[in-house]
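Here the sequence shown is numbered in our numbering, starting from 53 and rising by one per residue. The C-beta atom is built at its ideal place from N, Cα and C for all residues, glycine as well. Treat the numbers as computed from the prediction; the structure is a model and nothing was measured. Everything on this sheet refers to the single structure shown next.
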Amino acid sequence: MNWILHQENQKSLRWLLISMLLLTIACQHNIEEALMLPLPEAGEVMYEGNFNGTRNYRVSGKVQVIQLEDKTILQFIDFSSSSGPDLKVYISPELSPSQFIHLGDLKALNGVFSYALPDDFSIEQSGSFVLIYCERFSALFGSAELMKSENG
């Protein structure tokens with residue numbers, strides 16, 4: 053009896069490992085590199101945070117909400133991410149993106165780039181988590197929690 057249960061556990065574990073391997077391979081597909089935008093010369097850093105990857109994906113770098121004269125941007129600095137087929141950038145009140153602002157496709161896997169935030173953007177209303185999310189496979193790659201800047 054124990055031998056049969058052991059075989060069933062091995063089959064379940066094997067299936068789980070194969071499924072995770074296939075998901076990882078599918079999410080490792082390269083996305084296009086995008087135009088890198090320079091850091092803004094003038095503006096006030098209102099919020100900032102540091103990216104952390106998840107157990108299966110590597111994401112690092114800094115993110116800032118910067119108030120410019122005529123708009124507010126989300127600036128990625130020294131950003132780096134594992135590649136994936138359908139990576140999106142969301143701002144959400146929680147780590148699971150059930151409610152979020154969709155800022156667009158991830159512009160690049162490495163570097164410095166930015167997204168324009170909606171005119172009515174507010175951390176209190178929109179949420180404080182910036183998520184890198186593989187939409188095709190519903191997989192969170194990494195996140196950064198935005199905190200009030202000491203300068204802002």
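Query                                                                                             : Result
Segment contact, 8 Å Cβ cut-off, at least three pairs: the region 163-171 with the region 181-192 : no
Local conformation of Gln-177 per DSSP, three classes                                             : helix
Beta-bridge partners of Thr-124, as assigned by DSSP                                              : Gln-119
Close beta carbons around Val-111, own chain, < 6 Å, minus the five adjacent residues each side   : Phe-103, Gly-105, Ser-133, Ile-184, Phe-193, Gly-194
Per-residue DSSP class, three states only, for Asp-130                                            : strand
Length of the line joining the Cα atoms of Glu-197 and Gly-101                                    : 5 Å
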